[in-house]
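A.B. asks: Counted the way mature numbering (1 follows the signal peptide of the UniProt record, and there is no 0) counts, the sequence shown spans residues -18 to -1, 1 to 373.
Each residue gets a CB set at the ideal place from its N, CA and C atoms; glycine is no exception.
Source: prediction; values computed, not measured.
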Amino acid sequence: MRVISTVIGLLAVTVASAQQPKPVAKVAPEVGVVSIPDDVTNSASAMARWLKAHTANAHVLQQSLYKWIATHITYDVPNMYQQRDYRDTVAAIQRTLRSRVGVSADYASLYAKVCQEAGIAAYTVNGYCLQHGGLAPTGSHDWVVVKNGGSWTVTDPTWGAGTVDGARYTPQLNWEWFQMSPQVAVKRHVPFDPMWQLLSNPVRHDEAGVSRLAGNNFNYNDTIALYLRSARYERLAGTLARMERYGGGANPFVMAEIDWLSKTVKVLAANRQIEERNRLVDKYESAEGKYQEMVRMYNDYVTYKNKQFQPEQPDAAIRKMMDNMTGRLGEVEKLMGEMRGRDVELAGHLGELEAAVRGIREKIVEEQGFVNKYIKTERGKRRELFYVGGV
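1. Taking DSSP as the reference, what is the three-state secondary structure of H41?
2. I need the straight-line Cα distance from R365 to Q290, nearest angstrom please.
3. In terms of residues, what are the limits of the alpha helix (DSSP H) holding L332?
4. Should Q274 go down as buried or exposed, given a rule of 16 or more other Cβ atoms within 10 Å for buried?
5. Rounded to the nearest angstrom, what separates P19 and W50 at their Cα positions?
6. Going by DSSP in three states, P5 sits in which element: helix, strand or coil?
7. Could you give the C-beta distance for M307 and L335, rounded to a whole number, given that I count them as a contact under 8 Å?
8. Could you check the C-alpha separation between Y93 and Q255 for me, to the nearest Å?
9. Any chance the segment 110 to 126 sits against the segment 230 to 237, with 3 or more Cβ pairs inside 8 Å?
10. Could you say which of E257, V347, R343, M276 lies nearest to D325 if we only look at CA atoms?
11. Relative to the C-alpha of T135, which residue among E99, S163, V15, D147 is closest?
12. What I want to know is whether the C-beta of Q295 ends up closer than 6 Å to one or more non-hydrogen atoms of the ligand PLP.
13. In this structure, how does DSSP classify H54 when only helix, strand and coil are distinguished?
14. Judging by CA-CA distance, which residue of I102, Q45, Y151, I357 is the nearest neighbour of M62?
15. Assess contact between the segment 283 to 300 and the segment 264 to 272, defined as three or more Cβ pairs (one per stretch) separated by less than 8 Å. Is contact present?
16. Between the alpha carbons of L328 and V263, how many angstroms are there, rounded?
17. List the endpoints of the continuous alpha helix (DSSP H) containing R150.
18. According to DSSP, what are the bridge partners of D147?
19. Can you round the beta-carbon distance between Y89 and P139 to whole angstroms, since I take them to be within the 8 Å contact cut?
20. Where does T137 sit, in a helix, a strand or coil, going by DSSP?
21. Is the beta carbon of T30 less than 7 Å from the beta carbon of A100?
22. Quick check on the DSSP output: the alpha helix (DSSP H) that includes V16 runs from which residue to which?
23. State the DSSP-derived secondary structure class of K169, mapped to helix, strand or coil.
24. Please state whether DSSP places L317 in a helix, a strand or coil.
25. For S91, count neighbouring Cβ atoms within 10 angstroms of its own Cβ and tell me buried if that reaches 16, exposed if not.
26. Determine the burial state of E360: buried for a count of at least 16 other Cβ atoms within 10 Å of its Cβ, exposed for fewer.
27. According to DSSP, is Y105 helix, strand or coil?
28. In angstroms with no decimal places, state the Cα-to-Cα distance between residue 374 and M321.
29. Please classify V124: is it buried, with 16 or more other beta-carbons within 10 angstroms of its beta-carbon, or exposed?
30. Please determine, among G330, R217, S182, the residue with the shortest C-alpha to C-alpha distance to N201.
31. Cα separation between Q165 and W178?
32. For R343, I'd like the list of residues in its chain whose CB is within less than 7 Å of its CB, leaving aside the five on either flank, ordered along the chain.
33. I need the straight-line Cα distance from D147 to Y228, nearest angstrom please.
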């Protein structure tokens, strides 16, 4: 959870970590909700297994989980402004289960992980909150989006557990923040990445909390599917692009997130370049190794040919010697083709290797012709082939 402490200081707020001030708790029917026994709460996977075995369906499972978190995890007021470098990690979840305290990132990560372990598609979302018709000045906040069947809902297990007033936390189970529709959720919870609004017309960051005009249609399901298939660099680069496209740095929290994303994407891009060059170097070394092996094969063949193929071997064995060389030649040429034009610093070395390969290729082609002729020649006349002008 990244927090802009200077902004908070200037605004002199008392509400912490996007907790809203003391709403009336919304009571929801708890038909089928079960109490999770303590002996299975040592890990998210153990909780998920137990819940799957003791609840009638995914909805009741999530209700039971939501209630357990609200009644067993206490909001970590002393650390609510501590910057967290991890997100949704196993270590953070284990720490939360062990200590029974956490901030919004911990509540959300635990909820999402138990759902995932139970086979429910759930993802943590980071963003900011709206309060009293404006921006809540208390830093970034985490919640969870869940796909139930073909529809998405939004759950905030932190707000569902209680409220913070100054430095005092009041536990209070509140079902208002359980499985909200995306249209309702965005009125208070605005994801940094517009994709996680789960709306075909996402709210721009520069229009959050105000009346807005209809925008272009946004296919969030396809975008999420692509996001989930992508590596970390593509995920973060895509998130950054969407944030900039949908309002950019419209408030301090979005500005901080864009700044973090920009720096992280640059680092990841540089790392990718290094990794790509390392892969090219590995590929070059592999090609060079195969070339040396091909040269050794060729020299062995020439030595055997100089002995007029003595001791005699079956034609198939001699043919195999040539096939092995041509096979290795093909491997080297394929690797060189994959490297060509990819790295300026390797270009000189690659050019030298290509010249050497062309030279030995001509010799191999020539010897292929000799072997073909040798095999087609009557055995009694084969020796004449080893002399200039023979047969």
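C.D. replies: Looking at the coordinates:
1. In this structure, H41 counts as helix in the three-state DSSP scheme.
2. Each residue's alpha carbon lies about 7 Å from the other.
3. Following the DSSP letters along the chain, one finds L332 inside the alpha helix (DSSP H) bounded by residues 326 to 358.
4. Under this definition Q274 is an exposed residue.
5. Rounded to the nearest whole angstrom, the CA to CA distance from P19 to W50 is 10 Å.
6. Because the pLDDT of P5 is 49, which lies under 50, any placement of that residue in the model is unreliable, and the question is left without a value.
7. Contact between M307 and L335 does not hold, since their C-beta atoms are separated by about 17 Å, which reaches or exceeds 8 Å.
8. Cα-Cα distance, rounded: 36 Å.
9. Result yes; three or more Cβ-Cβ pairs closer than 8 Å.
10. For D325, the nearest C-alpha among the options comes from E257.
11. For the residues E99, S163, V15, D147, the minimum Cα distance to T135 belongs to S163.
12. No copy of the ligand PLP occurs in the structure displayed, which carries no ligand at all.
13. In the structure shown, H54 falls within a helical segment according to DSSP collapsed to helix, strand and coil.
14. If we check each option's Cα against that of M62, Y151 comes out closest.
15. With a cut-off of 8 Å on Cβ pairs, the segment 283 to 300 is not in contact with the segment 264 to 272, counting fewer than three such pairs.
16. So the alpha carbons of these two residues sit roughly 8 Å apart.
17. That residue, R150, is in no alpha helix (DSSP H); its beta strand (DSSP E) goes 150 to 153.
18. Beta-bridge pairing links D147 to R150.
19. Contact holds; Cβ gap of about 4 Å.
20. Strand.
21. At residue 30 the sequence reads Ala, which differs from the Thr that was named. A distance below 7 Å separates the beta carbons of A30 and A100.
22. Where V16 is concerned, there is no enclosing alpha helix (DSSP H), given that its DSSP letter is neither H nor E.
23. Collapsing the DSSP output to three states places K169 in coil.
24. Residue state, collapsed to three classes: helix.
25. The residue in question, S91, is buried, as its Cβ has 16 or more Cβ neighbours within 10 Å.
26. Classified as exposed, E360 has fewer than 16 neighbouring CB atoms from the shown chains inside 10 Å of its CB.
27. Taken through DSSP and simplified to helix, strand or coil, Y105 comes out as strand.
28. Since the first and last residues shown for the chain are -18 and 373, residue 374 lies out of range.
29. Rather than Val, the amino acid found at residue 124 in this sequence is Asp. The residue in question, D124, is buried, as its Cβ has 16 or more Cβ neighbours within 10 Å.
30. Comparing Cα positions, the closest option is S182.
31. W178 has its alpha-carbon roughly 12 Å from the corresponding atom of Q165.
32. Here the set comprises L311.
33. Going from the Cα of D147 to the Cα of Y228 covers about 33 Å.
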